[in-house]
Ligand code: PGA
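Numbering (the working numbering), first residue to last: 4 to 260.
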């Protein structure tokens, strides 16, 4: 696992956008795995800028999002389809038909999970997966206790996640109790992972993730098993790493230089 620490959140997001743009320019048919949440919003803003100012071309790119709430229609302002359409898909030259999220309204949710896995496989697998991290260590919506080799499944959301995300809903009780998420095994199969975490509220879970062996108690620790994973932080998210031994983690930049 590689670790890069940037001075602030804006610089970290810009660096992640640059890595994604570089991968897309090198491979126009890139299969991109995408994430939602406040942390990655500035990444999408930077990608939209690169499209507008430098003609970054998404026309042949295909995308798969990590997760979607169960029970929200696509046009609901809190659905992840809506988030992605607004922040990225409709702002660049992506074909909407090439953008994929699990269907949280599918009548048979188990069949939908199987269908989503098959779609990823049919696309040739995910080349580059963008990840955020929840304060409880979730990636996608794989909550603590998730199996490390799980595939796309229906996940009941934890109290921590409900507390973290319900503030985004008009009324907290409107937040769905379940989501469909790629599994930890699905994520581990992606060819490359970029995990972005910024802000002091992520410092504790980043310390736990980087210092712990893979354990279902901290789902993001599955990334230690990944052959090509880079964690990108700002100094606030890295603030509890000072002086720690991080076995298996290669620090690529040192801010104090
Ligand atoms: P956040 O969410 O970027 O809004 O903190 C990240 C996550 O829960 O995966």
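Think of the CB as a built atom: it goes at the ideal place given N, C-alpha and C, for glycine as much as any other residue.
Sheet register partners of residue i (DSSP bridge)
| i | result |
| --- | --- |
| residue 7 | 235 |
| residue 67 | 36 and 103 |
| residue 145 | 142 |
| residue 254 | 6 |
| residue 119 | None; residue 119 has no bridge partner. |
| residue 157 | 183 |
| residue 133 | 197 |
Distance, residue j Cα to residue i Cα
| i | j | result |
| --- | --- | --- |
| residue 260 | residue 10 | Below a pLDDT of 50, predicted positions are generally treated as unreliable, and residue 260, at 39, falls in that range; no measurement from the model is reported. |
| residue 169 | residue 138 | 14 Å |
| residue 49 | residue 16 | 8 Å |
| residue 153 | residue 144 | 12 Å |
| residue 75 | residue 85 | 10 Å |
| residue 141 | residue 71 | 14 Å |
| residue 101 | residue 228 | 29 Å |
| residue 216 | residue 104 | 30 Å |
| residue 245 | residue 254 | 12 Å |
| residue 28 | residue 12 | 24 Å |
| residue 42 | residue 204 | 12 Å |
| residue 95 | residue 46 | 13 Å |
| residue 202 | residue 194 | 27 Å |
| residue 164 | residue 97 | 30 Å |
| residue 247 | residue 114 | 44 Å |
| residue 56 | residue 148 | 44 Å |
| residue 83 | residue 172 | 12 Å |
| residue 243 | residue 110 | 44 Å |
| residue 146 | residue 63 | 33 Å |
| residue 26 | residue 223 | 23 Å |
| residue 20 | residue 89 | 17 Å |
| residue 159 | residue 221 | 16 Å |
| residue 108 | residue 44 | 25 Å |
| residue 18 | residue 5 | 14 Å |
Residue j beta carbon less than 9 Å from that of residue i
| i | j | result |
| --- | --- | --- |
| residue 187 | residue 150 | yes |
| residue 174 | residue 206 | no |
| residue 197 | residue 233 | yes |
| residue 218 | residue 136 | no |
| residue 7 | residue 236 | yes |
| residue 93 | residue 99 | yes |
| residue 65 | residue 59 | no |
| residue 157 | residue 182 | yes |
| residue 189 | residue 123 | yes |
| residue 87 | residue 39 | yes |
Closest Cα partner of residue i within the set the options
| i | options | result |
| --- | --- | --- |
| residue 1 | 125, 161 and 25 | No answer is possible for residue 1: it lies beyond the span of the chain, which begins at 4 and ends at 260. |
| residue 155 | 136, 135 and 121 | 121 |
| residue 68 | 119, 23 and 93 | 119 |
| residue 78 | 194, 61, 106 and 230 | 106 |
| residue 239 | 250, 110, 223 and 208 | 208 |
| residue 178 | 184, 185 and 167 | 167 |
| residue 210 | 192, 230, 252 and 172 | 252 |
| residue 250 | 214, 230 and 221 | 214 |
| residue 192 | 199, 231 and 146 | 231 |
| residue 22 | 89, 222 and 199 | 199 |
| residue 30 | 61, 51, 5 and 222 | 61 |
| residue 116 | 146, 89 and 73 | 73 |
| residue 24 | 224, 51, 4 and 81 | 51 |
| residue 81 | 176, 224 and 220 | 176 |
Residue-chain proximity (residue i, chain C), Cβ-Cβ < 9 Å
| i | result |
| --- | --- |
| residue 111 | The question asks about chain C, but that chain is absent: this structure has only one protein chain. |
### Query
Given 8 Å as the limit, is there contact between the region 33-42 and the region 127-141, that is, 3 or more CB pairs closer than that?
Two segments are said to touch when three or more pairs of C-beta atoms, one from each, lie closer than 8 Å; by this definition the region 33-42 touches the region 127-141.
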